[in-house]
Amino acid sequence: MKIFTNLIVGILIAFWISVVAIFSIQNISQVSLNFLAWQSITLPIGVLLSFALGGGFIIGALLPLLWQQPKSRKRPLSQEQEDSKEFDFDFDES
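Residue numbers (full-length UniProt numbering): 1 to 94.
Below is the structure:
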């Protein structure tokens, strides 16, 4: 099942990279990003989209690691606990 999941993820990533590449080739107009008083240098829209896509892939790969539940550590059973788990069948044969 893990091989199938890796295949699907690989196909999706390849699809989005090809979509961005085609979009970049067809739209070579220069744009600059504006945020409050800050303005970026003018770059082709495909380059900005590629950075956004790459950043999204990186953040998407790192977020599950941050939200991962800590694995519970199983303590080894003490000798008394192990003894209580054993079954003692004493059948009286009359």
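From the three backbone atoms N, C-alpha and C, an ideal C-beta is built for every residue, glycine too.
Closest to residue i by C-alpha separation, out of the options, would be which residue?
i      : options                           : result
Phe-57 : Gln-26, Trp-16, Ile-41 and Val-31 : Trp-16
Ile-28 : Val-9, Ile-13 and Leu-48          : Leu-48
Gly-60 : Ile-13, Leu-7, Met-1 and Lys-2    : Ile-13
Flag this pair as yes or no: are the beta carbons of residue i and residue j separated by less than 8 Å?
i           : j      : result
residue 109 : Ser-50 : Outside the displayed span of the chain (1 to 94) sits residue 109, for which this structure offers no information.
Val-31      : Ile-22 : no
Val-9       : Leu-53 : no
Residue range of the alpha helix (DSSP H) that residue i falls in?
i      : result
Pro-64 : 45-66
Ser-24 : 2-26
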